[in-house]
Structure formats: C-alpha cells, structure tokens
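Engineer: Residue numbers (the working numbering): 159 to 1151.
Built from N, CA and C at the ideal position, the CB exists for glycine as well.
Here's a structure for you.
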C-alpha cells in the first residue's frame, strides 16, 4: 500500500510522510474521499476553517504543487492528484490505500461469519485490524479531517467487537481478556465491549472479576452520564450473577495460587523512578516481557522482585521465580531443567513432567494458559536459554534479568540499569548501616559511596562491614578505601565480594574478548572510542568494534554515548588487576606504546591542520604505525581533542611513568594549540610541566626549549608574565647554544609579547628587532609575519600608531602573498585599531567587523574579544554607551572562555566605562573596584591604573578629593609603565584643578 491513513499519515509505502501542515490537511482530505472530487470550498474550509485568506485558492494550488513534487521524490506519479474546475481528487488503485484494504477485509470477514466459517472470519478480521497503526490521521488537527477520521475510528471499533464475538464463539476467551480490558479502558462508554469482557471473564471462571467490570461501568455511566447501563448489559449482569455464562467448549479451571518469589529486601533504594516506569509500562503499554540488564551488582534481581511484588494483585494466580545461573559458579541451567523446576512450582508431580524438552515447554504453556501469572527468570545467560521458558498467552508477565543484553529475544522491552545517583547511593548506605551514622559524617559517606562507584552491591558490602563494626566511623572505611589498598578486596563481606561478581561475568567471555577487556585497562582517561581499542589491541577496526559491542552487551564496558566507551571505576580496577596477571610485561609495554602512538600521531595530524602557519609544530614524527586509525580520526578535527581532553593529561603522565619520555613531551606539544586556543589552561600547565621534566630527563636541549616556550603561553594567558618571561629566557639561551636561529627568532617573538604585556616596552622592542634580524622575509615569510604581528600589538599599546600601521600593512602584504588568511585578518584587526586611535571611526568599524567575522569563524576567542573591545570603545566614543556595553560583555565572555585573565580585567574596565556613560555610576564604580582587586592580585599594573582611572571618573562629580587621589595613583602607574594613557590622566587632573 502506497498511502496510509489508519494512523499517522504515510506516503510511499514506508515510513515517509508529508511534513508541511497545510499539505498534510489537503492530502488527508483527498485520501478520505479517494476516487471522488473534493470541492475547493471544502479544502479551503479544512485548511483555514472560519478565516480563509483572500489568496486561499492560490495557496491551495501551491499545496497541490508541493504534494506532486513530494510524490515524485518518493517515486510516485504526480498525476495521482487530479485537477478539475470543481476541485481536486486522488486517483489510486484499490490496493493503494489502507482504509480501502481494511473495508474489503471486514466485508470478507462478515461474509465468512454469514457462511458459518468462523475460523476464516477470525483470520480476516485479524488481518483487517492489523492495518491500523493508531487513531486515523492522528496528528492532523483540522476539524474537517477529524470528523471524517472519527468515522473510520468507529468502523475499527465495530470490526473489533465483531471479531471478539467470533473469538468467543471459537472458545478463545482466555486470550481475549487482556485486549478487551485495554479496549474497555480506552472506550468506557461502549457497552458491547464491556459485555464481551464480562463474557470472557465468566467463561474462564472469573465471575467476581466480571461483576467488578459491570460495577465499574455502572458507576462510570452514573457519574458521567447520569444514566443506568443499557438493558442488554443489565441482562448480562443478571446472567453472571446466576452463573450460567460458561461458553461451550471452554474449560473452567480452579487454580491454586502459587507464591514462589523471594523476599523483597527492606532497604530497596534508588530505583523508584525505574520501578514506577516499569510498572506503568506493564499496566498501560501492554509490555508482557520485560528485560532488565546491567553490570554485576547493579541491583537487577532486587528491582525485578520489587516490580513483581508491586504487580502481585494484578497477577493473583502464580508468582514464579527461578535462578537460571547465567553468571555463577555453576553452569547455566539448561532450558529442560528450568522447565522442570517451573512446572514443579506449579504443582506438577515429577512423574507427569515429560522427558522431552519440547513436550515440557508445551505442558508449561498449557499450565499457564488462562492464568494471570508473574514469571521472574533471573540471571539469564542468553536469549536461547530463555526463549523456551516464555509463556505464550497474554495473561502472564515475564521479567527477565541478565548481565548481558538479550538482543535476540523477540517481543522483549529492554531496560538497562545504570549505577545509582550520588544522593541515592548515600541513602542506600544509610539504610544498611543506619541513617544516624551516615548523617553524622556526610562527607565521609559521600566519599565511601564514590569509592564504591555508586554500585549497589559495592555499597551494600561496604555498609555490611560498617554495620558489623560499630566502633568504626564512616571515615575509617573511607580512609581505608582511599589509602591505596585493593578496593575490590575491601568491598567484601563473608563469601560475597565485588571482585567475585565481576569474575563471573569475565569468565563468560571468549579469549579474544578477555584480552580486549584487559588491554583497555591501559587507557587512563574516562572515555575512549573504537579506534583506541583497535590500536591498543592491534586489531583491524571492524574486529575491535565487534569486541567492544560484546563487552557492552556483557555490561563489562559502558557506552553512554554512541561510539564513546568507558569503564565503571571498579570495573577498571578489576581489569587492571587482570592486566597485571594476564599479560606479560613485554605485552603490556607493547600495548602501552601502541596506545601512546595512536594519540600522538592523531593529535599531531589534527594540530597540523588547526595551528596558525607560524606556530605549526616542527616535530618530525615517523609514519604512524596505524595510519588507518589516524585517517579515521583526522576528519573529527577539534572535536577529537574535545572528546579526548580529559585523557590527554593522563596519557602524558602515563608516558612519563612508563619511561616513554620522548613520546611524553611530544604528545604535550601536539596538544598545545587546542588547549591554548580554547582556554584549557590548567590542562596546558599540567601536560607541559610533566613534559618539561621528561625533556630534562632526556637532557634534550631542543625539547626543553620547545616545552618551556609553550608552557610559557599558559602563564602568559593567566597574567603571570614574570614566570612566562623566565621560562622563555631560559629557552632563548638554549636556542642560542644550539645555534638554532629559527627557534631563537620564535622565542624572541614570544618574548616581545610577554614583555609588552608586562609593560616592559624597551626589552619588548629589543626582542622584536632581534627576531626580525634573525629571519628573512624572502626565505622565512611565516616567521616574519608572526614577528610583525607581535610588533604591531606592542606599538599599539605604546601609542606609536603610525609605526603600528606600517608593521600591520607589511604583515598584511606578506600574509596575502603566501595565503595565510589567519595572519591577514590579524593584521586587519590591528589596522582597525589604529584607525580608531587616529579618529577614523567609520573606517575602523568596517575593518574591525571583517576581522570579527573571521575570528569567530576560526573559534579564536581571544582575538574575538580584542576586536569586540575595540568596537565597543568606538561605540562609547560615538555616544552609544548601551551598544558599547553589549559589545564589552560579549568580549568579556569570549576572553573568559579563552582563560585570559588580563584581557578579562581590561574588558571589565571598558564595560564599567560604558556603564558610567549610561549614568549607572554605582555599577561602574563597583566593577572598577573589583577589577582593581584582581589586578593587584595578578600584579597587572596597566589594569590597576585603568581601574583607578575609572573610579576617579565615577567620583569626580561627587567627591573631587577622592577622584584626585585615585587619578594620582593611576598616573603614577601609567608613568611607571610608560603608557600613553598617562597624558589623558594629566589632562583630567588639570581640569579638576
């Protein structure tokens, strides 16, 4: 069928549909009147109801045109929609529309009933009703569509009632009860359905339930309609009371209730939402097979027993439970043995249980037929073990738990259990050891549950140790878990331990899976991907993906995001223990090298594309051992660094700890630009501090100079300029000793900026001139461009605007010649700032906006903040302080993300100036004072002076004496650093008198 209206609108025979709202209404109206013309007036009324626009006919034509194009996209003939002066229609074959097929099926079923062929009639009714996917044309709110769709819905209910009559006559009452109960809940006013449910219940000996259905209906009619049930339903009620409704051929059964569930534990905690969701799904969504999977110790069995207990009243005939030993020291229970145990729970004597497995399964299903039973199949090994144990009727509920995901089990609704939330974990600990003990030491309790990885089994075992040691404080156990002891050994009580539970899961793996599990423990970070797995195990990527999938299915590895994997903390510790005992030292070392090489070569390949030309790594690495995995990652770009940001510092430390010192400093270097550009300065300091120690151990002067140079960039952004300068001065001496002119020029270029930021302008200019002398524009244009960039910044700060303009123009010409767009737009930003300083505000704004667009596209947050502040200053000078404040706030957000504290202080000073110009003196002076405190802590004299200048401007009208004092302090600082802003402060002091 190519069109579907028995449910949401479908077009093209699959899941495709039409998305535009008006087009959906038009097509729905045409399909509801398939084979006939629908007048334009009716379509207009359906689409716009009481308020059609004057252009309604033209818009209707547009809808039809779009529908024809959509048909063509789906391989349907556009001519299906026919146009006539009187309206539109659809011309399709009888088999193309599901509503037509439904009508034909119902007609055939009714003919079979009339001929006495009840079995055939039941099949035809089933086939016709199976075409329905939900309420007709659901999701289309047009009143015209809804009126016609309701007619179809009524036809479905009538067909359902006729089918139920047939099934009842065929003696299938037991199979109908659940479906009828659901239908009555959905359509409580349909007396025929209610009567059929009463008939079905009575036919299997459930007269009390049938009478309850009548009472519920009578109460509903009285409350909602103020009437009594109809005569037929009242007569049926009397017959139930008289007990004369047993259907011919039905077997009335008297069941002895069976109660075989284990006791539900009293300290059940933390799964209330999951419990409520499962109960709701079972009660409302007809979920008759529930699969609960999760890692060892996550509380699967406890949850299943609580679900069964919560639903016990709905399934009064039998509550059955069996441990299938899928993960235990015993072999998994064969289906034949499990069937025998279940039949014995139902009271079947041993001599009546067949020897053949299929015959046992048939007897099992026969015994459950018509019974409302709960069956808990705990600790399942596989779908194959469970499949023969599933009841066949709709009266039973089956709850299955497993440490594996039973993907091959048809009809099951899966729920994977995660660990507990932190609050739930502490609550569980309190229930085990006593709420008072936990409340008395809340921090220690949090630490214990965190060390337990919020895993219920681990928390219970830890709690059991405390409960049996009343003299222990919670802190005592927390200290034991934190003291470097074997956590898995600590988490044991009696014969139970977390390690033992994990071992049972591990034992179910094959050798390749076990090896992958062990080797993944080498990864020191939180998350890893399939390429890491392929590298560490030295396997083709598809094989590694298959092994990872199997570990996820076994709940030995988590996959919280598609393609992103991680260990639970305790599981990682277990894997590391196995790594020590299950792999040779040489095997571990080789796998560690593969892990480090994968990250080193991938980071190097991506960073080479990301870094500005002047900063690109001069590292020369050999060909990557796994070029296929590097190629698979390079297209991720910065997203690869985002995903591995937490792992990179840990990998650098791993390389150092394992003696791979060269890989250590190289991996830090290849990670530098990402960490610097995106403001991850803590990680930058961490990685490069470890890398510097590694380079010093190698006694590699070039490596030491490289790491010092890049480590200094973090201190620069943090406003710790003296430390940055000290690092680079040592790097400079090393480059000079090595005779590395290019490396020396790079360090001098960076020293230019560092000394400039520290307002030591003379040494800054000296380093800039020396750097230029070391390189040639003809042979080394990239280096010259970078030096000119820093020189322009320095000249701008020093107020030497014509010289800054010359340097920027030269930078721009060279960048254009070699196609270095990043440097070209940097130069453009400098030229915009020069124009603004010289009073050409319109020209400055045009240039700065171009630069801003590029810097945002490149993700250069620091550069974005610089340009935004320039634009904000222009707006303030032009008398638009509101616009200025907006731009300075955006700048502050950008440089804060970049981690640049000095730039953040400058942005806040500028924002305060804009607030003052808006008349918000209180906010302005408060912001300046906060900047002053921060700048003093950072020893940033320029921003201290800027804050003092700003405070003075705020106070000059209300407290001239205080303003004078602040300006004198600002002037002293500006003169100390030889800032051109000293002259403006001198002017303001003169005005104040």
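(1) Does residue 620 pass the burial test, meaning 16 or more other C-beta atoms within 10 Å, or should it be called exposed?
(2) Return yes when the Cβ of residue 1086 is within less than 7 angstroms of the Cβ of residue 1068, no when it is not.
(3) Name the DSSP beta bridge partners of residue 153, please?
(4) Here's the rule I'm using: 16 or more other beta-carbon atoms within 10 Å means buried, otherwise exposed. How should residue 626 be labelled?
(5) In chain order, what residues of the same chain lie with their CB nearer than 6 angstroms to the CB of residue 346, ignoring the 5 residues before and after it?
(6) Taking the alpha-carbon of residue 943 as reference, which of 499, 496, 974 has the nearest alpha-carbon?
(7) Among 583, 344, 907, which has the Cα closest to the Cα of residue 870?
(8) Using 8 angstroms as the threshold, is the region 732-743 in touch with the region 677-693, meaning 3 or more CB pairs across them?
(9) Tell me the DSSP bridge mates of residue 538?
(10) Measure the Cβ-Cβ separation of residue 752 and residue 788 and say whether it is below 7 angstroms.
(11) State the start and end residues of the unbroken alpha helix (DSSP H) segment that holds residue 1210.
(12) Please go through the region 428-485 and give each complete beta strand (DSSP E) segment of 3 or more residues, from N-terminal end onward.
(13) How big is the Cα-Cα spacing for residue 323 and residue 317?
(14) At the level of alpha carbons, what is the spacing between residue 703 and residue 670?
(15) Output the residue ranges of the alpha helix (DSSP H) runs that lie fully inside the region 810-867 and measure 4 residues or longer, sorted by chain position.
(16) Under 7 angstroms, do residue 877 and residue 1043 count as touching if we go by C-beta distance?
(17) From which residue to which residue does the beta strand (DSSP E) around residue 291 run?
(18) Measuring CA to CA, which of 459, 465, 449 is closest to residue 434?
(19) Give me the residue from 797, 1141, 1088, 729 with the minimum Cα distance to residue 456.
(20) To the nearest angstrom, report how far apart residue 823 and residue 600 are at their CA atoms.
(21) Taking C-alpha atoms, which residue in 760, 793, 790, 797 lies nearest to residue 780?
(22) CB-CB under 8 angstroms to residue 1136, same chain, minus the five flanking residues each way: which ones, in chain order?
(23) For residue 1094, count neighbouring C-beta atoms within 10 Å of its own C-beta (all shown protein chains included) and say buried if the count is 16 or more, exposed if not.
(24) Nearest-angstrom Cα distance between residue 665 and residue 480?
(25) For residue 162 and residue 306, what's the separation of their Cα atoms in angstroms?
(26) Quick check: the region 558-565 against the region 587-594, are there 3 or more CB pairs under 8 angstroms?
(27) Could you name the residues of the same chain whose beta carbon sits closer than 7 angstroms to that of residue 639, not counting the 5 residues immediately before and after it, in chain order?
(28) Taking contact to mean at least 3 C-beta pairs separated by less than 8 angstroms, is the region 978-997 in contact with the region 946-963?
(29) Mark residue 1126 as exposed unless 16 or more other C-beta atoms lie within 10 angstroms of its C-beta, in which case mark it buried.
(30) Determine the closest residue to residue 984 out of 966, 999, 1001, with distance taken between C-alpha atoms.
(31) Cα separation between residue 175 and residue 183?
(32) Distance check for residue 566 and residue 407, CA to CA, integer angstroms please.
(33) Under a Cβ-count criterion, where at least 16 other Cβ atoms within 10 Å of its own Cβ denotes burial, should residue 188 be classed as buried or exposed?
(34) Should the region 895-915 be called in touch with the region 851-867, which here means at least 3 C-beta pairs below 8 angstroms?
(35) Determine, using beta carbons only, whether residue 1152 and residue 886 come nearer to each other than 7 angstroms.
(36) Am I right that residue 1103 and residue 1131 are in contact with their C-beta atoms under 8 angstroms? What's the rounded C-beta distance?
Structural biologist: Result, derived from the coordinates:
(1) buried
(2) no
(3) This structure leaves residue 153 out entirely; the chain is present only between 159 and 1151.
(4) exposed
(5) 378
(6) 974
(7) 907
(8) yes
(9) 560
(10) no
(11) Within the shown structure, residues of the chain are numbered from 159 to 1151, placing residue 1210 beyond reach of any answer.
(12) 447-452, 476-481
(13) 10 angstroms
(14) 12 angstroms
(15) 819-835, 839-856
(16) no
(17) Element bounds for residue 291: n/a, residue is neither H nor E.
(18) 465
(19) 729
(20) 42 angstroms
(21) 760
(22) 917, 919, 956
(23) exposed
(24) 22 angstroms
(25) 15 angstroms
(26) no
(27) 606, 609, 645, 648
(28) yes
(29) exposed
(30) 966
(31) 12 angstroms
(32) Only weak support is given to the placement of residue 407: the predicted model assigns it a pLDDT of 35, under 50, and the value that follows is read from those uncertain coordinates. Going by the C-alpha atoms only, they are around 37 angstroms apart.
(33) buried
(34) yes
(35) Outside the displayed range of the chain (159 to 1151) lies residue 1152, so it cannot be described from this structure.
(36) 4 angstroms
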